[in-house]
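Residue numbers (this note's numbering), protein chains in the order written: chain A, 18 to 130; chain B, 416 to 557. C-beta: ideal position from N, C-alpha, C; glycine also. Single-structure report; data block below.
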Amino acid sequence: MEVTSEIMNGDIVKIKVKGELSIFYIDPFESIVQKNIIDGKSRFIFDLSEVTYIDSMGIGLLSIVSNNASQKGEKVAVIVTHPKIKYTLNVSKLHNIIHIVETEEEALKLFTK
Amino acid sequence: MTFKKKISSTFSELRDLESDFEDFLKINRIPSDIVYDLRMAIHEYILNVMEHGYHWVPNNELEFETTISLKDKTCEVSVTIKDKAPKFEISKEKIFNSVNDRSFRGRGLLMILTFVDDIQYDKTYQEGNKVTLKKVFSLPSD
């Protein structure tokens, strides 16, 4: 699993994950997420377009970020293209609290008023 | 066709089991979307045993057996998992009612119920829990 992060448009944290987002490989992802939350960030884009598998641990972390954002009146966008990943997010009810989009452009639009 | 393996309750052994399980399904030409569903279900089920049954204590035993049966164009993959943890049962009603949109935990159980067609507990099994997860599907025509 590979995780990279960058700041976009001043205060949006984009975190890109490649490979499996599961309990086996969650540590680097969790560290980056925690660091950004501690730094006061609340606007997140998770690029999961190259994720091949996601389990309840990965989904749980996304829900924590979403709860944090929601408390600050912010949003979380998740870029997903793999149909099974999208289905997994839907059945785990995550689609009710995050914005699932297919491109970075769509994700950025969510943060422009 | 049958695949059997015994593992201890560690992440590394679970990861190896999932890899071997996927290989077994692929060698037997199970479609990739079904492989994904089955792996998801067994992953979440075993994590549930490791967390709630064994309280993350490693080196507790888990026995795993998969059978693929084929009748006409209908395929059934049956996975039986035995552990030695205190008895528990996944109740559909309880899970569907308890997982709300913002729950952190509980989603794994919801995922098990979604990704397989049937889940049965052997209540006569005395040594711990014995569960069978089943997935039935039509094979694509060649």
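Beta-bridge annotation (DSSP): D64 (chain A) is paired with A:K33, A:I96. A straight line joining the alpha-carbon of I62 (chain A) with that of N85 (chain A) spans about 14 Å. Closest option to S434 (chain B), judged by alpha-carbon separation, among A:Y70, A:V50, A:K35: A:Y70. Secondary structure of K89 (chain A) (DSSP, three-state): coil. Taking each of B:H470, B:Y540, B:F479, B:I527 in turn and checking the Cα distance to Y451 (chain B), the smallest one comes out for B:I527. For M25 (chain A), no alpha helix (DSSP H) segment is defined; the enclosing uninterrupted segment is the beta strand (DSSP E) at 19-25. Using a CB distance below 7 Å, the part of the segment 57-87 of chain A facing chain B consists of D72, S73, I76, G77, S80, I81, N84, ordered along the chain.
When secondary structure is reduced to three states using DSSP, V50 (chain A) falls in the helix class. Chain B places a beta carbon closer than 8 Å to that of F41 (chain A), counting this residue as a contact. Apart from the 5 residues on each side of it in sequence, K502 (chain B) sits with its Cβ closer than 8 Å to the Cβ of G543, N544 in its chain, given in chain order. Distance from the CA atom of Y540 (chain B) to the CA atom of G36 (chain A), rounded to whole angstroms, is 38 Å. Between N463 (chain B) and S424 (chain B) the beta-carbon gap is near 11 Å, outside 8 Å, which marks them as no contact. Nearest CB-CB separation between F436 (chain B) and chain A: not below the 8 Å threshold.
Between L548 (chain B) and Y460 (chain B), the C-beta spacing is below 8 Å. When Cβ-Cβ separations below 8 Å define contact, K52 (chain A) makes no contact with chain B. M25 (chain A) and S427 (chain B) have their C-alpha atoms roughly 36 Å apart. Membership of N463 (chain B) in the alpha helix (DSSP H) is indicated by the continuous run 447-463.
The segment 479-493 of chain B makes no contact with the segment 94-106 of chain A; the number of CB pairs closer than 8 Å stays below 3. Against chain B, a Cβ distance below 7 Å from K101 (chain A) picks out D448, Y451.
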